[in-house]
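> According to my numbering, the sequence shown holds residues 2 to 279 in order.
Cβ coordinates follow ideal geometry from the N, Cα and C atoms, glycine included.
Predicted model only: the values in this text are computed from it and were never measured.
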Amino acid sequence: MVDIISAKSLGSNDIKIDGAVGEPFCDDAKMSMRNVDVFYGDNQAIHDVSFDLEKNQVTALIGPSGCGKSTFLRCLNRMNDLIPICNVKGSLQLDGEEIYGKQMDPVLLRARVGMVFQKPNPFPKSIYENVAYGPKIHGLATDKSELDEIVETSLRKAGLFNEVKDRLDQPGTGLSGGQQQRLCIARTIAVSPEVILMDEPASALDPIATAVIEELIHELKEKYTIAIVTHSMQQAARVSQKTAYFHLGKLVEMGDTKQIFTNPRHELTENYISGRFG
Ligand SMILES: Nc1ncnc2c1ncn2[C@@H]1O[C@H](COP(=O)(O)OP(=O)(O)OP(=O)(O)O)[C@@H](O)[C@H]1O
Ligand SMILES: [Mg+2]
2 MVDIISAKSL
12 GSNDIKIDGA
22 VGEPFCDDAK
32 MSMRNVDVFY
42 GDNQAIHDVS
52 FDLEKNQVTA
62 LIGPSGCGKS
72 TFLRCLNRMN
82 DLIPICNVKG
92 SLQLDGEEIY
102 GKQMDPVLLR
112 ARVGMVFQKP
122 NPFPKSIYEN
132 VAYGPKIHGL
142 ATDKSELDEI
152 VETSLRKAGL
162 FNEVKDRLDQ
172 PGTGLSGGQQ
182 QRLCIARTIA
192 VSPEVILMDE
202 PASALDPIAT
212 AVIEELIHEL
222 KEKYTIAIVT
232 HSMQQAARVS
242 QKTAYFHLGK
252 LVEMGDTKQI
262 FTNPRHELTE
272 NYISGRFG
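#1: What separation, rounded to the nearest whole angstrom, lies between the Cα atoms of Ile18 and Ala205?
#2: Have a look at Phe52, Asp28 and Asn88 and flag the residue whose alpha-carbon is nearest the alpha-carbon of Gly42.
#3: Determine the burial state of Ser71: buried for a count of at least 16 other Cβ atoms within 10 Å of its Cβ, exposed for fewer.
#4: Buried or exposed: Val108, going by 16 or more other Cβ atoms within 10 Å of its Cβ?
#5: Counting Cβ pairs, one atom from each stretch, are 3 or more of them under 8 Å apart for the segment 96-105 and the segment 182-189?
#6: For Ile86, which residues from the same chain have a beta carbon less than 6 Å from its beta carbon, with the 5 sequence-adjacent residues on both sides left out?
#7: Along the alpha helix (DSSP H) that carries Ala149, what are the first and last residues, could you check?
#8: Would you decide whether Lys222 is buried or exposed? Buried here means 16 or more other CB atoms lie within 10 Å of its CB.
#9: Going by beta carbon distance, what residues of the same chain come within less than 6 Å of Gln94, once the five residues before and after it are set aside?
#10: Go to Thr258, then tell me how far its alpha helix (DSSP H) extends in each direction, as first and last residue.
#11: Please list the terminal residues of the continuous beta strand (DSSP E) segment that includes Ala46.
#12: By the DSSP assignment, the alpha helix (DSSP H) with Val213 in it spans what residues?
#13: Quick one: is the Cβ of Lys251 within less than 7 Å of any heavy atom of ligand 2?
#14: Look at the Cβ atom of Ala112, then the Cβ atom of Glu254, and state whether they are nearer than 8 Å.
#15: What distance in whole Å lies between the Cβ atoms of Lys90 and Asp38, which are believed to be in contact at a cut-off of 8 Å?
#16: For the segment 228-236 and the segment 61-68, state whether three or more C-beta atom pairs, one from each stretch, are separated by less than 8 Å.
#17: Please classify Gln236 as buried or exposed, where buried requires at least 16 other C-beta atoms within 10 Å of its C-beta.
#18: Below 7 Å, is the gap between the Cβ of Ala46 and the nearest heavy atom of ligand 1?
#19: Return the first residue and the last residue of the alpha helix (DSSP H) that Phe247 is part of.
#20: May I have all residues whose beta carbon comes closer than 7 Å to any heavy atom of ligand 2, sorted in chain order?
#21: To which residues of the same chain is Gly173 closer than 6 Å at the C-beta, ignoring the five residues directly before and after it?
#22: Check this for me: beta carbons of Thr226 and Ser241, under 8 Å apart or not?
#23: Is it right to say Gly97 is buried, meaning 16 or more other beta carbons lie within 10 angstroms of its own, or is it exposed?
#24: Buried or exposed for Lys31, please, with buried defined as at least 16 other CB atoms from any protein chain shown within 10 angstroms of its CB.
#25: By the three-class DSSP mapping on this structure, what secondary structure does Thr195 have?
#26: DSSP on Asp82, reduced to helix/strand/coil?
#27: Based on DSSP bridge pairs, tell me the residues matched to Phe40.
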């Protein structure tokens, strides 16, 4: 628990963000971020952000466009390493281990902390190969039958197996958008991650495909720790237990999703969830 800084008396144009209000830390953290700053060249996109991702919980990252949600999410599995001008400072830990430490292999990290993107991005390979690729490069199967087993289990967990079991050799790109996104989730699950990061995973999907993904997220949290960026307040409320509200690269408020949506502590959060801006 950190100090609660009430901004309710300030005018909306000069509301201060002096540090996150609410409960950004927990006793059962899978990932712990402390004083994280992120720069693109000289531009600072994330300012002194600290919070935990609680084990086997879904944490929603919400906030106006450009507030740094994707930037922050990409720090959690070092996807920002792929952007040369991006520079990350602060402490980011997975089970107490520094993910930017010298010992950490970013390829192994990305198997432990998987990512699902806004636009489904299956490889130009068969459905089977999309899922089998990760286990193969990480040597997770000793023979073909073990690999078959991983592919089937991953597709089942992603709620896709029954729809594709008779056409595993067909291209992944031939599936519908919602099916492709579930294929990408199966691909992520196939390497037995501990954390799954999702950046607006349902924004390109229709309401039915979105409902399937949301149901899936609900089931996945039994086994995995999940962070999801979403622009949909309803989705955040439906799928997450914790919510973090970002504004202009700062964490404004963090807490139980129910509390954030029914009784936000900070005026900026209140403005955003009530649709006054964003
Ligand atoms: N590759 C990049 N190079 C330079 N600046 C970037 C890059 N990616 C993001 N930024 C900047 O960092 C800031 C945060 O962007 P980011 O994409 O993280 O926001 P976001 O909250 O995910 O927005 P949205 O909701 O629109 O996806 C923005 O000012 C953006 O212009
Ligand atoms: Mg984004």
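Looking at the atomic coordinates:
#1: Working through the sequence shown from its first residue, we reach residue 18 at position 17. Working through the sequence shown from its first residue, we reach residue 205 at position 204. Whole-angstrom Cα-Cα distance: 32 Å.
#2: Taking the sequence shown and counting its residues from 1, one reaches residue 42 at position 41. For Gly42, the nearest C-alpha among the options comes from Asn88.
#3: Counting from 1 along the sequence shown, the entry for residue 71 is found at position 70. With 16 or more Cβ atoms within 10 Å of its Cβ, Ser71 is classed as buried.
#4: As a first step, residue 108 is located in the sequence shown; it is residue number 107 there, counting from the start. It is exposed - the Cβ of Val108 has fewer than 16 other Cβ atoms within 10 Å.
#5: no
#6: Sequence index remark: in the sequence shown, residue 86 carries index 85 (1-based). Contacts found: Tyr41 and Gly42.
#7: Here residue 149 refers to the residue found at position 148 when the sequence shown is read from its first residue. With the sequence shown as reference, residue 149 is identified as Asp, and Ala is not the correct amino acid for it. Unbroken alpha helix (DSSP H) run through Asp149: Lys145 to Lys158.
#8: Here residue 222 refers to the residue found at position 221 when the sequence shown is read from its first residue. Buried: at least 16 other Cβ atoms inside 10 Å.
#9: Here residue 94 is taken as the residue at index 93 of the sequence shown, counted from 1. Excluding sequence neighbours, Gln94 sits near Ser33.
#10: For the purposes of this step, residue 258 is taken as residue 257 along the sequence shown, with counting starting at 1. Taken as a continuous stretch (DSSP letters only), the alpha helix (DSSP H) holding Thr258 covers Thr258 to Thr263.
#11: Residue mapping note: residue 46 aligns to position 45 of the sequence shown, counting from 1. Residues Asn44 to Glu55.
#12: Here residue 213 corresponds to residue number 212 of the sequence shown, with the count starting at 1. Segment Pro208 to Leu221, the alpha helix (DSSP H) holding Val213.
#13: The residue you call residue 251 lines up with position 250 of the sequence shown. No, Cβ of Lys251 sits at least 7 Å from all heavy atoms of ligand 2.
#14: What you label residue 112 is simply residue 111 of the sequence shown in a count that begins at 1. What you label residue 254 is simply residue 253 of the sequence shown in a count that begins at 1. Their beta carbons are not under 8 Å apart, which means Ala112 does not touch Glu254 by this criterion.
#15: Walking along the sequence shown from the start, residue 38 turns up at place 37. Walking along the sequence shown from the start, residue 90 turns up at place 89. That pair is a contact at about 4 Å.
#16: yes
#17: As a working mapping, residue 236 is identified with position 235 in the sequence shown. Looking at its Cβ environment, which holds 16 or more other Cβ atoms inside 10 Å, Gln236 is buried.
#18: Here residue 46 corresponds to residue number 45 of the sequence shown, with the count starting at 1. Yes.
#19: Locating residue 247 in the sequence shown gives position 246, counting from the first residue. No alpha helix (DSSP H) holds Phe247; the beta strand (DSSP E) holding it covers Lys243 to His248.
#20: Lys70, Ser71, Asp200, Glu201 and Val230
#21: In the sequence shown, residue 173 corresponds to position 172, counting from 1. Contacts found: Pro123, Ile128, Asn131 and Leu184.
#22: Start at 1 with the first residue of the sequence shown, and residue 226 comes out as number 225. Start at 1 with the first residue of the sequence shown, and residue 241 comes out as number 240. No, they are not a contact pair.
#23: As a first step, residue 97 is located in the sequence shown; it is residue number 96 there, counting from the start. Exposed.
#24: Residue numbering aside, residue 31 sits at position 30 when the sequence shown is read from its first letter. Its Cβ being crowded by 16 or more others within 10 Å, Lys31 is buried.
#25: Here residue 195 refers to the residue found at position 194 when the sequence shown is read from its first residue. Residue identity check: residue 195 is Glu in the sequence provided, not Thr. In the structure shown, Glu195 sits in coil (DSSP, three-state: anything other than H, G, I, E or B).
#26: As a position in the sequence shown, residue 82 is number 81, starting the count at 1. Note: Asp82 maps to helix in three-state DSSP.
#27: Within the sequence shown, numbered from 1, the residue matching residue 40 stands at position 39. Phe40 pairs with Gln45 and Asn88.
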